[in-house]
Amino acid sequence: MALSRIYPFLIFLLLFFSCLGPGRCARNYPDNEVTLLDSMSALGDLGWEAYPAEGWEEISVMDERNTPMRSYQVCNVMEANQNNWLRTRHIARHGAQRIYIEIKFTLRDCNSLPGVPGTCKETFNMYYHESNNDNLWFIKESQYVKIDTIAADESFTQTDVGDRVMKLNTEVRDISNLSKKGFYLAFQDVGACIALVSLRVFYKKCPAAVHNLAHFPDTVTGGDSALVEVRGSCVNDSEEFESPKMYCSADGGWLVPIGRCICKPGFEEGKDYCQPCRPGTYKASAKDAYCTKCPPHSYSQQEKASECTCEKGYYRADMDPRSMACTRPPSAPENGISTLNDTSVALEWRPPRDSGGRSDLAYNVHCRKCAPEGRKCGPCGGGVHFTPRQFGLDATKVLVSGLLPNTDYAFSIEAINGVSDLSPSPKQQLTVNITTGQTVSVILKERKSKDSITLAWQGPDRPNGVIVEYEVIYYEKNQRDQNYTVLKTKSNMMTIEGLKPGTTYVFRVRARTDGGYGSYSGEIELETSQEDMLAIGDPNQSTIMAVSIAGGVVLLVFLVACFVVSGRHCGYIKAKQDPDEEKMQFQHGRVKLPGSRTYIHPHTYEDPNQAIRDFAKEIDASSIRIERVIGAGEFGEVCSGRLKLPSKREIYVAIKSLKAGYTEKQRRDFLSEASIMGQFDHPNIIRLEGVVTKCKPVMIITEFMENGSLDTFLKKHDGQFTIIQLVGMLRGIASGMKYLSDMNYVHRDLAARNILVNSNLVCKVSDFGLSRVLEDDPEAAYTTRGGKIPIRWTAPEAIAYRKFTSASDVWSYGIVMWEVMSYGERPYWEMSNQDVIKAIEEGYRLPPPMDCPVSLHQLMLDCWQKERAERPKFSQIVNMLDKLIRNPGALKELANSSIWEDPITPEFSVNSVDEWLDAIKMGQYKDNFTSAGYVTLDSIIYISASELSKMGVTLIGHQKKILASVQSLHAQGSHVQV
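Numbered according to mature numbering (1 follows the signal peptide of the UniProt record, and there is no 0), the sequence shown spans residues -25 to -1, 1 to 953.
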């Protein structure tokens, strides 16, 4: 068959497939491909070289838009040993290491060519050659690198041409790891009838993109299948939070975004860009995602605000978070009260009505000493001492000592907070004026007998208020440090009876007004007579004496009545009790009876006083210095003070006094505590220092526990201790109870309120009284015929049958464990006593507190076994806790449930943030939430622990409780579980 008959078929096919219709030649490629050569879009000569010249032939035709189209064809199938080459022009690679070649071609089926020899081929070869030279002549065949042999998926025949059946083939190959300026492509025909319709050479890139506010530029893919790491640059108004990176894949896609940029203060994130905060909003930190509304009492008038400006009269301290509302200085404190005691004065006041919106309230006290007759006032000087301090007080009271007698003082009390120094206005102050005590005048007259002395005196010239009463202190000369007596009267005359004949006594008198005590008078020494001196034989004298005796009897009756009302007191000065000061449970001490290992009940003594003498040490009242009232016990006040015994160092002690007007039975019951505690000697049992019984008031002296009762201490430090620290506390309590159990002593009221904590976190068992007030709450105790029982802490058999044993103490210890792990939570929450009894009978047991290890809750459940014989002994509990302390890993597994999941826990429906905080007993943080702008339930759904810390909720336990409740809010809508 002649060659001229074959070419027309190729030309027709080329035209047919080149442009099928209008717009067919316009080709759109993906945005991740960059075309280096496209023969279909070339406007001029392609500039390809054919060798030999009679081989490949360029065909140029016009499409329907008169656009020239160029292609190459070869069909020398009638001759054997064909070797026809077609080489492209130099193609610059533009930095690409991997090049893709897309070819479209048609190929004639050899079987459709009649008379063609067997050398006809249906394939051709494709080669490339790298070169830095873009003007090379035809290079040698040996310098080419073969890419592949190309075969047609579809070949055409003469019939196909007639029927206009399209048989266009498309093949894509690639070459990698190119390194020179560019390359040439070449096509080798070895005897086929073929037409190259089009050739496109391209490489792939990862197109420019923005991810996580970082811009990544166009990036050429790597050679082979390697990923190319690309460092992004932050978009405008943003900064790096973590170095942004992505990887460009061989396919031209971005993979594995790492790091991110964040919008700078004053800007918030939009879609791939940072937009400025609108007026009225701000963003203080780049770490915040979005702009928020200005806090109360602040504003922003311009865009891009990184903080809001405080309104006039409001301020923000340097340490305040920018999200905090602007605040102002507080108003002046109110209701100043002074209690004078000789040359000391206790000042108390109420907090200011307006705290300025802050919680960091403190107080400064300024002292001025005023000259008489209204002259100017000046500084008090260095002799005046303030307890605990003069400036930066966090309590609304201070004790001022070292004042001069008969002197006018003015004390200015100012409230300050974190912005007080920022306000130009002077600080508002509360002024308290006092005049220190006037000395009672010397004794004006006196009458003596063998067993009594009558005194009369004149009051102060300028008393600091109306005189309420006089206090007379007396003692035998040279025995002041051993025994003394204090009497009180509203008259300026008193008869002291019951004195020893022929004995010298020393008397001192001072006055008390509404403002406090004045100074004592000087010492007056008077001696009782050896016998009564009556003038016998002188009727006038006898008449006078009779009248005196009658008057003395009347006076004596009056004085006795005053004595009964006022009572007798030892010669110490008691501080005024602060009703707002936290009460500390009074504890009882002990002195071990040598050789004794069994507890002896004080009621086995016929003489209760003998039990006191056997088990408690008598202490001279002069060795005790009372400093302040810290609480009230069943029998009287509980104070803290100091004890200084001869040849021993001074120590802090707790002092429980028996109030005036007691009965003999109350005195025995009061001192029986000391008789009990004196038998114990253990580091986890409160230590008895001694008793005062030889003067009034009667007192019990124990070691002082700085951190008070365990339940109150845990509530104050919610969430601040590690599990090991809590287990250490529990181990100490268990050790003390083991000691008591070994002594055959049953406590009956073991609870966290009756455990005391010292400054080293050592827990000691206390409250060993036979009669005790269990709690202020009448619901706390269940009355039976045998007395009151603390239901929530008591074993079932003790409630039902009053069977108190060490096993019932073990049940109570399990409740104490629950209290410790829940940081002082009330056992059984708000359930009534009857509900608690019923629930326990039905098998209910307290669930594990939040973050409680499984091993500890299991020990609690063991302590709450219904059968007391199945409960562990205290010795076993101590051993178990020792093992846990030695192997902390056993404490890592936490119980699954928590108090939030307890089915008995009631649900509360709340409609506001304040109601919600009250429901979960976190009402103390209402102002914190309001100041931070959290005023609706919707606004708190996504609150975080870091935000709570910024708001001032710093206790970890409180944060956990709030966040757990927030999760309940999120899950239940407007219902929160308590």
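Using N, Cα and C, we set each Cβ at its ideal position, and we do this for glycine too.
In this text, all values refer to a predicted model and were calculated from it rather than measured experimentally.
Check                                                                                                                                                                      : Outcome
Assuming contact is defined by CB atoms lying nearer than 7 Å, are D693 and H360 in contact in what I supplied?                                                            : no
Where do the ends of the alpha helix (DSSP H) carrying H104 lie?                                                                                                           : Run containing H104: none in the alpha helix (DSSP H); it sits in the beta strand (DSSP E), T98 to S106.
Could you tell me which of T677, L633, K669 and T668 sits nearest to M652, measuring between CA atoms?                                                                     : T677
What beta strand (DSSP E) runs, 3 residues minimum, are completely inside the stretch 814 to 889?                                                                          : 882 to 884
Rounded to whole angstroms, how far is the Cβ of F779 from the Cβ of E648, which I believe are closer than 8 Å?                                                            : Actually they do not touch by this definition, with Cβ atoms about 18 Å apart.
Hey, out of S710, V176, M835 and I114, whose CA is closest to M15's CA?                                                                                                    : V176
Round the Cβ separation of K739 and N682 to the nearest angstrom and send it over; I've been treating them as touching at under 8 Å.                                       : Rounded, the Cβ-Cβ distance is 11 Å, inconsistent with contact.
Going by alpha carbons, who is nearest to G356 out of G367, F366 and H341?                                                                                                 : H341
At 3 residues or longer, and completely inside the stretch 343 to 376: list those beta strand (DSSP E) runs for me, N to C.                                                : 352 to 354, 360 to 362 and 372 to 376
Please report the distance separating the alpha-carbon of G818 from that of Q840.                                                                                          : 10 Å
Quick check: what's the CA-CA separation for A126 versus T98?                                                                                                              : 5 Å
What does the alpha-carbon distance come out to for the pair I548 and D383?                                                                                                : Confidence at I548 is low in this model, with a pLDDT of 34, below 50, so the placement of that residue should be treated as unreliable; the coordinate-derived value is given next. Their Cα atoms are separated by approximately 23 Å.
Classify I937 as buried or exposed, calling it buried when 16 or more other Cβ atoms lie within 10 Å of its own Cβ.                                                        : buried
Identify which residue in S213, P192, S306 and E772 has its Cα closest to the Cα of R206.                                                                                  : P192
What are the start and end residues of the alpha helix (DSSP H) that includes P771?                                                                                        : P771 to Y776
Using the Cβ count rule (16 or more neighbours within 10 Å means buried), how would you classify R328?                                                                     : exposed
Which stretch, first to last residue, makes up the alpha helix (DSSP H) that contains residue 957?                                                                         : Residue 957 falls outside the range modelled here, since the chain spans only -25 to 953, and no answer is possible.
Sort V185, M792 and F849 by Cα distance to S830 and report the nearest one.                                                                                                : M792
Can you round the beta-carbon distance between F113 and E24 to whole angstroms, since I take them to be within the 8 Å contact cut?                                        : 6 Å
Where does the unbroken alpha helix (DSSP H) through P583 begin, and where does it stop?                                                                                   : P583 to F590
Excluding five sequence neighbours on each side, which residues of the same chain lie with their C-beta closer than 8 Å to the C-beta of V941?                             : I915, I916 and I918
If you draw a straight line from the alpha carbon of D20 to that of N108, how long is it in whole angstroms?                                                               : 20 Å
Within 8 Å, do at least three Cβ pairs link the stretch 623 to 639 to the stretch 696 to 709?                                                                              : no
Opposite E32 in the DSSP bridges: which residues?                                                                                                                          : Q48
Give a yes or no on contact between the stretch 634 to 643 and the stretch 715 to 730, applying the rule of three or more CB pairs nearer than 8 Å.                        : no
Let me make sure I understand the geometry here. Which of F610, L405, S887 and T318 has the alpha-carbon closest to that of N381?                                          : T318
Among the candidates V375, L368, C345 and A370, whose CA atom is the shortest distance from the CA of G358?                                                                : V375
Does Q505 come out as helix, strand or coil in the three-state DSSP assignment?                                                                                            : coil
For N59, count neighbouring C-beta atoms within 10 Å of its own C-beta (all shown protein chains included) and say buried if the count is 16 or more, exposed if not.      : buried
Taking just the CA atoms, how far does A307 sit from N392?                                                                                                                 : 12 Å
Buried or exposed: which applies to R(-2), given that a residue is buried once 16 or more other Cβ atoms fall within 10 Å of its Cβ?                                       : Model confidence at R(-2) stands at a pLDDT of 43, short of 50, so the residue's coordinates are unreliable; what they give is reported in the following sentence. Its Cβ having fewer than 16 others within 10 Å, R(-2) is exposed.
Report the residue from G288, P254, E309 and P304 whose alpha carbon sits nearest the alpha carbon of E282.                                                                : P254
Excluding the 5 residues flanking T406 on each side, which residues of the same chain have their C-beta closer than 8 Å to its C-beta?                                     : G311, A385, F386, S387 and I388
Output the distance between the C-alpha atoms of S218 and C209, rounded to the nearest integer angstrom.                                                                   : 9 Å
Taking all protein chains shown into account, do 16 or more other C-beta atoms lie within 10 angstroms of the C-beta of Y4, making it buried, or fewer, making it exposed? : exposed
Have a look at Q48 and L82 and give me their C-alpha separation to the nearest angstrom.                                                                                   : 10 Å
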